[in-house]
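Start counting the sequence shown at 1; every next residue gets the next number (full-length UniProt numbering).
Don't be surprised by glycine CBs; every beta carbon is placed ideally from N, CA and C.
Here the structure is a predicted model, which means the values were calculated and not measured.
Okay, structure first, notes after.
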Amino acid sequence: MAAFRTVPERLLRPFGRSVHAKNVYFLSPFSEAFKPRMYRAAMCKELGKPLVVEDVPATEKLEASQVRIAIHSCGINFADILMCLGKYQEKPPLPFIPGSEIAGEVTETGQEVKGLSKGDRVFGFTPLGGFAEECIADQSGLWKIPSSLKFQQAAALAVSQTVLVTAAAGALGLATVDLAANALGAKVIGAASKEKLDVIKEMGASATIDYKNENIRDKVKEITAGKGANVIMESVGGEVFKECLRSIAWGGVILPVGFMSGEIPQIPGNVLLVKNVSAAGLFWGSHKKYNPKLLKESVDKPLELIEQGKLKGPHISGEFQLNQANEAFQFVMQRKSTGK
Numbered sequence: 001m002a003a004f005r006t007v008p009e010r011l012l013r014p015f016g017r018s019v020h021a022k023n024v025y026f027l028s029p030f031s032e033a034f035k036p037r038m039y040r041a042a043m044c045k046e047l048g049k050p051l052v053v054e055d056v057p058a059t060e061k062l063e064a065s066q067v068r069i070a071i072h073s074c075g076i077n078f079a080d081i082l083m084c085l086g087k088y089q090e091k092p093p094l095p096f097i098p099g100s101e102i103a104g105e106v107t108e109t110g111q112e113v114k115g116l117s118k119g120d121r122v123f124g125f126t127p128l129g130g131f132a133e134e135c136i137a138d139q140s141g142l143w144k145i146p147s148s149l150k151f152q153q154a155a156a157l158a159v160s161q162t163v164l165v166t167a168a169a170g171a172l173g174l175a176t177v178d179l180a181a182n183a184l185g186a187k188v189i190g191a192a193s194k195e196k197l198d199v200i201k202e203m204g205a206s207a208t209i210d211y212k213n214e215n216i217r218d219k220v221k222e223i224t225a226g227k228g229a230n231v232i233m234e235s236v237g238g239e240v241f242k243e244c245l246r247s248i249a250w251g252g253v254i255l256p257v258g259f260m261s262g263e264i265p266q267i268p269g270n271v272l273l274v275k276n277v278s279a280a281g282l283f284w285g286s287h288k289k290y291n292p293k294l295l296k297e298s299v300d301k302p303l304e305l306i307e308q309g310k311l312k313g314p315h316i317s318g319e320f321q322l323n324q325a326n327e328a329f330q331f332v333m334q335r336k337s338t339g340k
């Protein structure tokens, strides 16, 4: 039980007004009112160790542009795993709550937030904090969820050109296949392990490569009648990147967007020169700082296409509860996932 005591009126007079002492109380430190509100979260407390699910204190006061969200779903990216292993380029101080792709319901908004209110379904991006029951995000990184999308789906080129996508059964890979094939009408070649090729075809790929048992360069040459791929979205690195570079068409573009193999590739300048190839890095998250308008457009346009029925939207291959965060990491690390 909370303990109370009255405050002598003379002690209150220095604050500029007379107050009836009988109406003023101090709470005991043992009062429930002193205990912070808590919520559950999966914490990375030590790099390379399992996440720990525990109660953490909530941040009570929002900044003017912030939104508090009750998390319904949070996507898992390989970057989350690398961050918890200490192998990602961004290294937050310990302990931290991983998770950046969030979807949920607005429970509170800051004073300057416009267009969002309590009860709105939203998805978006936050540097950290997604593996939890609630999260605080800046409004600039949030969008309302289209009515056609489930929470799980939200958390996650030119016509006639050929697009080669490596790790095509992953989240980024399937999204690229969906966008290139269904929205833009490009011919898409998806490369993945044999057991995942069907889901790539279902998403819209016109051809597939089993890169464990087939040579990427030979297959691309066969599929394109020797012309090569015009655009290559490459997520693996290592030998796969080298094979992709040998498979590119004259004047083509290669986009290194990840290094799942753990080997960061080196690009020989002579190949770029002789074939007039462009290599373009793509670190999407940095656009929030350097080109926020483009970042917003990169989300707005796919949402519009989904609502128009021109995109199939995210493919969900696994769902886990918060207390199964470590099992979810293993699911991704063991290459069992397709899409999200």
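Put residue i into one of helix, strand or coil per three-state DSSP.
| i | result |
| --- | --- |
| T176 | helix |
| M260 | coil |
| Q66 | strand |
| E112 | coil |
| H315 | coil |
| Q89 | coil |
| K293 | helix |
| R79 | This sequence places Ala at residue 79; Arg is not what is there. Residue state, collapsed to three classes: helix. |
| L51 | coil |
| F96 | strand |
| N326 | helix |
| G170 | strand |
| I267 | coil |
| Q139 | helix |
| K288 | helix |
| P302 | helix |
| F320 | coil |
| K242 | helix |
Please tell me whether residue i and residue j are closer than 8 Å, where the distance is taken between their beta carbons.
| i | j | result |
| --- | --- | --- |
| I200 | G190 | yes |
| I97 | A132 | yes |
| I248 | A229 | yes |
| L311 | D198 | no |
| D55 | R40 | yes |
| A183 | M260 | no |
| L94 | C44 | yes |
| L47 | C84 | yes |
| A64 | E101 | no |
| F125 | I145 | no |
| V253 | L164 | no |
| T109 | T162 | no |
| V188 | A205 | yes |
| K194 | T338 | no |
| W250 | N270 | no |
| E105 | G86 | no |
| N323 | V52 | no |
| K81 | G130 | With the sequence shown as reference, residue 81 is identified as Ile, and Lys is not the correct amino acid for it. For I81 and G130, no; Cβs fall outside 8 Å. |
| L272 | A279 | yes |
| A325 | A42 | yes |
| L128 | G173 | no |
With 16 as the cutoff for other CB atoms within 10 Å, does residue i come out buried or exposed?
| i | result |
| --- | --- |
| A158 | Low confidence applies here, because A158 scores a pLDDT of 47, under 50, leaving its location unreliable and the question unanswered by this model. |
| E333 | Checking the displayed sequence, the identity of residue 333 turns out to be Met instead of Glu. So M333 counts as exposed. |
| R37 | exposed |
| L142 | buried |
| T107 | exposed |
| F283 | exposed |
| E234 | buried |
| I264 | exposed |
| Q139 | buried |
| E243 | buried |
| P256 | buried |
| K22 | Caution applies to K22, whose pLDDT of 46 falls short of 50 and renders its modelled position unreliable; the model cannot decide the point. |
| E327 | exposed |
| Q321 | exposed |
| K303 | Residue 303 is actually Leu in this sequence, not Lys. Buried is the call here. |
| residue 345 | The question about residue 345 has no answer, for the chain in this structure spans 1 to 340. |
| P314 | buried |
| Q330 | exposed |
| Q66 | buried |
| Y211 | buried |
| L294 | exposed |
| G226 | exposed |
| G258 | buried |
| Y25 | Any reading at Y25 needs caution, since the residue's pLDDT is 47, under 50, leaving its predicted position unreliable; the model's value is listed next. Classification for Y25: exposed. |
Under the DSSP definition of a beta bridge, which residues are partnered with residue i?
| i | result |
| --- | --- |
| K144 | V122 |
| S278 | V253 |
| S73 | A103 |
| P57 | M38 |
| E134 | A70 |
| residue 351 | No answer is possible for residue 351: it lies beyond the span of the chain, which begins at 1 and ends at 340. |
| M43 | V52 |
| I248 | A229 |
What do you reckon, is the C-beta of residue i under 7 Å from a heavy atom of the ligand SAM?
| i | result |
| --- | --- |
| A41 | Annotation note on the ligand SAM: not contained in the displayed structure, which lists no ligands. |
I want to see whether chain B comes within less than 8 Å of residue i, judged by CB atoms only; does it?
| i | result |
| --- | --- |
| G238 | No chain B appears in this structure, which consists of one protein chain only. |
Go through the region 208-240 residue by residue and report every complete run of the beta strand (DSSP E) that reaches 3 residues or more, in order. You should have 229-234.
Ignoring anything shorter than 3 residues or poking outside the region 178-208, list the beta strand (DSSP E) runs there in chain order. Whole beta strand (DSSP E) segments, 3+ residues: 187-192.
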